[in-house]
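Okay, so here's the structure we're looking at.
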Amino acid sequence: MPPALLALLLHSAVAVPADDAVLVDIREASAADVAALKQADGVRWWVELGDRLMLAGDPPPRFPVSAAVPVLGHFTDVRPGELVLRGVGCDVGESVPGTLVARGGRWQLRRLGAGDAMPAAHGHDESWRVVEPNEVVARQYRLDAPLAAPPDPEILPVVQQVDAARWFAGLSQLASWDRSSYGTTSLFAARDWIGEQFADLGLEVEKPDFAMPGPGGGTITRQNVIGRWTGTTHPDEWIVVGAHYDSRNASLGSTVSAPGAEDNASGCAGVIEMARALVPFHPQRTILFMCYAGEEQNLYGSTRHVQALQASGDIAKVMQVVTMDMIGYSADERLDADYESYASQQGYLDRFGAAAATYVPELHVTYSLNPFGSDHMPYLRAGKETVLAIESDWDIYPYYHKSSDTPANIGPNVLGMGGAILRTNVAVVADLAGARADLDRVFEDGFDG
Ligand SMILES: [Zn+2]
16 MPPALLALLL HSAVAVPADD AVLVDIREAS AADVAALKQA DGVRWWVELG DRLMLAGDPP
76 PRFPVSAAVP VLGHFTDVRP GELVLRGVGC DVGESVPGTL VARGGRWQLR RLGAGDAMPA
136 AHGHDESWRV VEPNEVVARQ YRLDAPLAAP PDPEILPVVQ QVDAARWFAG LSQLASWDRS
196 SYGTTSLFAA RDWIGEQFAD LGLEVEKPDF AMPGPGGGTI TRQNVIGRWT GTTHPDEWIV
256 VGAHYDSRNA SLGSTVSAPG AEDNASGCAG VIEMARALVP FHPQRTILFM CYAGEEQNLY
316 GSTRHVQALQ ASGDIAKVMQ VVTMDMIGYS ADERLDADYE SYASQQGYLD RFGAAAATYV
376 PELHVTYSLN PFGSDHMPYL RAGKETVLAI ESDWDIYPYY HKSSDTPANI GPNVLGMGGA
436 ILRTNVAVVA DLAGARADLD RVFEDGFDG
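Going from the sequence shown to the working numbering is simple: count from 1 and add 15.
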């Protein structure tokens, strides 16, 4: 059946035949394996979610089973409308309809049972939709990757400046404050500490006010923190590196005990660590190192910043954007990260996959191609080349949006995970911003960062 016709059927109310489906693990599969699976006997349609591939057809799909593609599950009588994608949001404690089939690229593939209804999207950070046949929801970088390029000798020393222990110390400092979005004293202490870190690096610090709705109605004022490096030769070409510093508890309105170590002291301390790595190399282009407030309520800080750039006309100067939201947790020793943007920004995404392959080969990069729900969205909507970097296990982090999201609870893989994402991001931004080691100078008198 042509995909277009199948898509039409999926969205129509008429009865369509049920398929049998097989879920396989393609973590170790080659690109040729994956292509062959999609064309195997009996396969009528498929869905790819990072390292999971669901194959559906009637009769049941048949393919040679090999160690490279372990079968994880069989599903019978699957009607296309029963399979839905859930973009995982902040619905801690709510019951979620359907059963989980697979997860990948910040999305869950779920199967609705009789009587389950697909919820309407609610809030800024969750969405639901019916699966489109033959859809790549997320794609492992390695499947399409050329051989890794050798390290650039001018970039490698910049990447080597990333210090995961120093980053974790910053994360722990930030998590020592209750940074509830609606809080005041301790949130402001964190805000001012971030500004001090930027100032210590010689950055120009601004804390512009913005307005957002308060917890009980009315309007409250919060601040983003900007540390501006002005480019030495191209000051009107800007890179934005950002993460939110506010936090929340399971109750969105709560103002008590939201240490937010993983969400998102990890990303915020990551912005500071990236500045520490990059700034000593005097980037040729301008970099705005940014920590946003008001993310948890509706991306207020990043949205207001983009609006301010649009009002001043400076939005035209923004070349690329990197955002980070939850970069420290890994449920196991295998380090996986999602880089998320629109599929139309493949060229920009590929910078991150390639940088990881060259400088951080232990990091498995998956591209998540249906972006939602973090500070990358306002920039994407403004048409900017933008990625979100996020570790791939964030949705199974047991302490997400809880008082127990503490540094210790991020677990034993935190330095490896956070360090891997930061080295990848520094490699890309060093190249984009022209932050390069002066090798002549290094050889003459050494470089002390
Ligand atoms: Zn977050």
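Think of the CB as a built atom: it goes at the ideal place given N, C-alpha and C, for glycine as much as any other residue.
If you're wondering where the values come from, they're calculated on a predicted model, not measured in any experiment.
From residue i to residue j, what distance separates their C-alpha atoms?
{"i": "residue 414", "j": "residue 430", "result": "18 Å"}
{"i": "residue 172", "j": "residue 441", "result": "11 Å"}
{"i": "residue 350", "j": "residue 338", "result": "19 Å"}
{"i": "residue 46", "j": "residue 158", "result": "5 Å"}
{"i": "residue 353", "j": "residue 328", "result": "31 Å"}
{"i": "residue 214", "j": "residue 195", "result": "24 Å"}
{"i": "residue 139", "j": "residue 388", "result": "With a pLDDT of only 49 at residue 139, under the threshold of 50, the placement of this residue in the model should not be trusted; the figure read from the coordinates follows. Their backbone Cα atoms lie some 6 Å apart in a straight line."}
{"i": "residue 317", "j": "residue 307", "result": "6 Å"}
{"i": "residue 76", "j": "residue 37", "result": "7 Å"}
{"i": "residue 95", "j": "residue 145", "result": "8 Å"}
{"i": "residue 232", "j": "residue 262", "result": "19 Å"}
{"i": "residue 256", "j": "residue 110", "result": "35 Å"}
{"i": "residue 200", "j": "residue 272", "result": "13 Å"}
{"i": "residue 333", "j": "residue 447", "result": "12 Å"}
{"i": "residue 312", "j": "residue 162", "result": "42 Å"}
{"i": "residue 132", "j": "residue 33", "result": "18 Å"}
{"i": "residue 443", "j": "residue 81", "result": "37 Å"}
{"i": "residue 372", "j": "residue 205", "result": "35 Å"}
{"i": "residue 360", "j": "residue 251", "result": "22 Å"}
{"i": "residue 417", "j": "residue 65", "result": "28 Å"}
{"i": "residue 428", "j": "residue 346", "result": "8 Å"}
{"i": "residue 7", "j": "residue 286", "result": "The structure shown does not extend to residue 7, since the chain is modelled only from 16 through 464, so no value can be given for it."}
{"i": "residue 241", "j": "residue 62", "result": "41 Å"}
{"i": "residue 246", "j": "residue 253", "result": "8 Å"}
{"i": "residue 27", "j": "residue 93", "result": "Confidence at residue 27 is low in this model, with a pLDDT of 43, below 50, so the placement of that residue should be treated as unreliable; the coordinate-derived value is given next. If I take the Cα positions, the gap works out to 16 Å."}
{"i": "residue 445", "j": "residue 112", "result": "44 Å"}
{"i": "residue 362", "j": "residue 166", "result": "19 Å"}
{"i": "residue 25", "j": "residue 393", "result": "Because the pLDDT of residue 25 is 47, which lies under 50, any placement of that residue in the model is unreliable, and the question is left without a value."}
{"i": "residue 397", "j": "residue 335", "result": "12 Å"}
{"i": "residue 223", "j": "residue 314", "result": "16 Å"}
{"i": "residue 309", "j": "residue 128", "result": "37 Å"}
{"i": "residue 357", "j": "residue 103", "result": "17 Å"}
{"i": "residue 52", "j": "residue 384", "result": "21 Å"}
Is there at least one non-hydrogen atom of ligand 1 closer than 7 Å to the beta-carbon of residue i?
{"i": "residue 353", "result": "no"}
Could you tell me whether the Cβ atoms of residue i and residue j are closer together than 8 Å?
{"i": "residue 126", "j": "residue 97", "result": "yes"}
{"i": "residue 420", "j": "residue 278", "result": "yes"}
{"i": "residue 395", "j": "residue 386", "result": "yes"}
{"i": "residue 35", "j": "residue 90", "result": "yes"}
{"i": "residue 50", "j": "residue 60", "result": "no"}
{"i": "residue 374", "j": "residue 156", "result": "no"}
{"i": "residue 14", "j": "residue 43", "result": "Any property of residue 14 remains undetermined from this structure, which presents the chain solely from 16 to 464."}
{"i": "residue 85", "j": "residue 40", "result": "yes"}
{"i": "residue 237", "j": "residue 221", "result": "no"}
{"i": "residue 193", "j": "residue 282", "result": "no"}
{"i": "residue 450", "j": "residue 304", "result": "no"}
{"i": "residue 174", "j": "residue 438", "result": "yes"}
{"i": "residue 292", "j": "residue 176", "result": "yes"}
{"i": "residue 355", "j": "residue 121", "result": "yes"}
{"i": "residue 216", "j": "residue 280", "result": "no"}
{"i": "residue 189", "j": "residue 294", "result": "no"}
{"i": "residue 433", "j": "residue 330", "result": "no"}
{"i": "residue 425", "j": "residue 404", "result": "no"}
{"i": "residue 118", "j": "residue 455", "result": "no"}
{"i": "residue 369", "j": "residue 153", "result": "no"}
{"i": "residue 169", "j": "residue 423", "result": "no"}
{"i": "residue 288", "j": "residue 181", "result": "yes"}
{"i": "residue 249", "j": "residue 300", "result": "yes"}
For residue i, is the beta carbon positioned less than 7 Å from some heavy atom of ligand 2?
{"i": "residue 371", "result": "With respect to small molecules bound, the structure shown includes ligand 1 and not ligand 2."}
Item to check | Check your reading: residues with Cβ closer than 5 Å to ligand 1 heavy atoms | outcome: Put simply, the residues with a CB less than 5 Å from any heavy atom of ligand 1 are 278, 279, 340, in chain order.
Checklist entry - What runs of the alpha helix (DSSP H), each 4 residues or longer, lie entirely inside the stretch 183-241? => result Here the runs fully enclosed are 200-215.
Next on the checklist: Restricting to runs no shorter than 4 residues, where is the alpha helix (DSSP H) found entirely within the stretch 255-334?
Outcome noted: The stretch 255-334 is shown to contain whole alpha helix (DSSP H) runs of 4 or more residues at 281-293, 310-313, 315-327, in chain order.
Next on the checklist: Restricting to runs no shorter than 3 residues, where is the beta strand (DSSP E) found entirely within the stretch 97-130?
Outcome noted: Note on the stretch 97-130: whole beta strand (DSSP E) runs with a minimum of 3 residues are 98-102, 114-119, 122-126, in chain order.
Item to check | Sequence ranges, beta strand (DSSP E) only - wholly within the stretch 361-443, length at least 3 | outcome: The qualifying runs are 378-383, 400-406.
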